[in-house]
Structure formats: structure tokens, C-alpha cells
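In my numbering, the protein residues as written are 221 to 307. For each residue, glycine too, the CB sits at the ideal point set by N, CA and C. From a predicted model like this one, the values you see are computed outputs, not experimental measurements.
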């Protein structure tokens, strides 16, 4: 998104406020904590995702609901209990 600038290169106040509101909304969206995702044991953040099944051990543990996760903040890979919700 480009912003209009006046002859001196300044952004008008009304457009500047809109950009700040958009940035605030994006930050709020990133801070949503998913209760189905466990916190990282290294850094404590809840910004984790399911990791790919890489080894035979991962496949066996997956059968017992012990899944591999990866922290998006520090990159730590760890295992935690993860059960699918019943519909």
C-alpha cells in the first residue's frame, strides 16, 4: 500500500492514523493463543506448530497421541500430547 505524500515528503495525518490502526490490528492477530498448541519448554511461548513426522519413532509415538511440535520463536523441536477434537 502506497501512501500519498505532500510536496515536502510528509504523510498527511489522516493516512498516518489509518496505517497505525492497520499495524495494531495485525499485532493483535498474532498474539492470539491457541489452547490446542502446547507452550515451548525452552522459551515458554505458545507460538508453536505441528512438526513433520521425520522418523519411525515419530510415527510410533503419533499412534499414542504424542506429537512433535516446533516453536516458531526459537525453533526448538519437542514432543507433547496432542489429541484431535471430536466433532
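Length of the line joining the Cα atoms of residue i and residue j
i, j, result
"residue 279", "residue 286", "9 Å"
"residue 293", "residue 267", "7 Å"
"residue 258", "residue 283", "18 Å"
"residue 304", "residue 262", "24 Å"
"residue 265", "residue 302", "17 Å"
"residue 255", "residue 269", "12 Å"
"residue 274", "residue 296", "15 Å"
Identity of the residues DSSP links to residue i by a beta bridge
i, result
"residue 288", "299"
Cβ pair residue i, residue j closer than 7 Å
i, j, result
"residue 290", "residue 271", "yes"
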